[in-house]
Amino acid sequence: MTVILEFDGVQRWFGEQRVLRGLSLRVEQGQVYALLGRNGAGKTTALRLLLGFLQPHRGTVRVLGHDPRDLGPAVRARIGYVGEDHRLYPTMSVGDAIAFEAGTRPGFRRTFVDRALERCGLRPAQRIPRLSRGQRAQLSLILAVASNPELLVCDDPALGLDVVMRRELLDALIDLLADTGCSVLFSSHFLGDVERIADRIGILHDGALLVDATLDDLKQRVARCTWVPAHGAVPPTGPHVLRVAPRRGGHDLTLLDAPPALLDDLRRRGELSPPVPPSLEDLFLDLTGPDRPGLLAEPIGELAARSGAGGGR
Amino acid sequence: MIIRIDPTAAEPLFEQVVFAVKTAVARGTAKAGDRLPSVRELARELAINPNTVVRAYEALERDGVIVRRQGAGCFLTGRGSDLAGSERRKQLQDLMRRTVTEAFHLGFQPEDLRKALDQNLDQVQFPEPRSQS
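From first to last, the protein sequence lines stand for chains A and B. Note that this note's numbering has the first sequence beginning at 392, numbered continuously upward. Note that this note's numbering has the second sequence beginning at 998, numbered continuously upward.
In structure tokens form, the structure reads like this:
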């Protein structure tokens, strides 16, 4: 698999504050990677490093085989970017913005843009300041993908959009993926959308990844259950126990690769509900919520890479 | 052919798509020669990543459930698995062992299990038995 972008041990300070303290991740060709994390976790910093807007203090970043610090216009043209603020010049009309973008990008697909505008009801004469937040988001995405980028980078593209506009944005992204098979790295807070679209997720916390795995692997490896211990039984600890949260009469347990012996032991010492995989939202809360456990020694990653053999279940 | 999925469910999305197609065939709501939606159509309809649909269709093709015709799309074959008889029997044994084990842990008795199996068999339209072993 061709590696489209890669962070390797990246650290970045802002003054005394270390915002990234060793970020490593890679996105392969055709992959949709969702970067998740609470506000301030370092998502935007990571994306800005990737695009060369910031420099890393330690570690390396590579995008399309290049150091982001010296991306020429030819390489930049292969990357589409949708920022948090959907930066569009307020003095322009929709048509001006399109003409401006077409002038700076080789391979700009004018017919694609015309069709996409029509689909979402945008007209070239509309003034940028008059557009709603959702319309600006759609226009930004259309412009970002108009030149068929190999890589699309989106910083929380759905922020501030209502449910309908978010679904339209998702549709536009699905069309892009179906048409071009381009790779995507995006940050988001909308975990329901992420569950639909992402091949792989990274959960960034305190400047490093807690999770770097496919959703399917996570659903296999992580399980939640409720345990009501017999009188005096203490909750389990150890590398398979991600979180123990007290609840009425017992504990909610989040387990990683729970061995049958551990489950048998819990059943012997109390009442155990059948373990079920968590939703992405549950997992996110378990790992980054206020009563989260200590940081993991290494991110929760590939099942195959750990068991060695791979493939089988 | 109705294909529905639940993105929050434990089962991987591509397996849900595979199972939905297999269910439609088994229940007779889809039949041999029917064309599956294109990758883009189904991805849009379910609001999921087209890569996931591609994976599902690849798995269905491997299992002999669909065939891909260049430029025309994917079609239901209407025939069973291409696997050799011994491998098919082994997979059936695996499925039964798993089902029986899980039923045991859910606290059911053998008669409950037999009744549930019969109910499910009633919903499926089986083809004429094949001559191959």
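Just so it is clear, CB atoms sit at the ideal spot from N, CA and C, and this is done for glycine as well.
Pairwise C-alpha distance: residue j and residue i
| i | j | result |
| --- | --- | --- |
| A/T605 | B/L1057 | 21 Å |
| A/F405 | A/H448 | 10 Å |
| A/Y472 | A/L438 | 10 Å |
| B/I1000 | B/S1083 | 31 Å |
| B/R1095 | B/Q1013 | 18 Å |
| B/Q1088 | A/H631 | 31 Å |
| A/S670 | B/L1110 | 30 Å |
| A/R660 | A/P666 | 16 Å |
| A/T729 | A/L442 | Outside the shown range of chain A (392 to 704) lies residue 729 of chain A, about which nothing can therefore be said. |
| A/A636 | A/D458 | 44 Å |
| A/L663 | A/T679 | 25 Å |
| B/M1093 | B/A1100 | 10 Å |
| B/A1021 | B/T1074 | 13 Å |
| A/D655 | B/V1015 | 33 Å |
Among the options, the one whose alpha carbon lies nearest that of residue i
| i | options | result |
| --- | --- | --- |
| A/F557 | A/L534, A/S574, A/L567 and A/R524 | Note that residue 557 of chain A corresponds to Arg in the displayed sequence, not to Phe. Out of A/L534, A/S574, A/L567 and A/R524, A/R524 has the C-alpha closest to the C-alpha of A/R557. |
| A/V410 | A/L440, A/E419 and A/A507 | A/L440 |
| A/E672 | A/W618, A/I594 and A/G661 | A/I594 |
| A/P668 | A/V585, A/R460 and A/L647 | A/L647 |
| B/R1037 | A/D547, A/L543, A/L663 and A/D562 | A/D562 |
| A/D643 | A/R615, A/F499, A/G680 and A/M392 | A/R615 |
| B/P1034 | B/F1101, B/Q1120 and B/A1053 | B/A1053 |
| B/T1049 | B/F1011, B/E1099 and B/I1063 | B/F1011 |
| A/R500 | A/A549, A/L522, A/T436 and A/L567 | A/L567 |
| B/L1118 | B/V1018, B/A1023 and B/A1007 | B/A1023 |
| A/Q402 | A/T436, A/G431, A/G421 and A/M392 | A/T436 |
| B/R1032 | B/I1063, B/Q1120, B/V1097 and B/F1105 | B/I1063 |
Close beta carbons around residue i, own chain, < 7 Å, minus the five adjacent residues each side
| i | result |
| --- | --- |
| B/Q1116 | none |
| B/R1065 | E1058 and C1071 |
| A/T571 | N539 |
| A/E559 | C511 and Q529 |
| B/R1076 | G1061 |
| A/D399 | S415, G450 and T451 |
| A/V394 | R417 and E419 |
| B/G1025 | Q1122 |
| B/Q1120 | R1024 |
| A/A535 | G471, Y472, V473 and L543 |
Beta-carbon proximity list for residue i, same chain, < 6 Å, skipping 5 on both sides
| i | result |
| --- | --- |
| B/L1043 | I1002 |
| A/P497 | A468 |
| A/G474 | D546 |
| A/L542 | I395, I470 and S574 |
| A/G629 | none |
Residues near residue i by beta carbon distance below 8 Å, same chain, minus five either side
| i | result |
| --- | --- |
| A/S484 | P515, A516, Q517, R518 and I519 |
| A/T617 | R638, G641, H642, D643, L644, L663 and S664 |
Cβ-based burial, residue i [other Cβ within 10 Å; buried from 16]
| i | result |
| --- | --- |
| A/H622 | exposed |
| A/G598 | buried |
| A/L601 | buried |
| A/G463 | exposed |
| B/I1045 | buried |
| A/Q526 | buried |
| A/D553 | exposed |
| A/V625 | exposed |
| A/V555 | exposed |
Taking 8 Å as the threshold, find out whether the region 571-587 of chain A comes into contact with the region 422-434 of chain A through three or more Cβ pairs. yes
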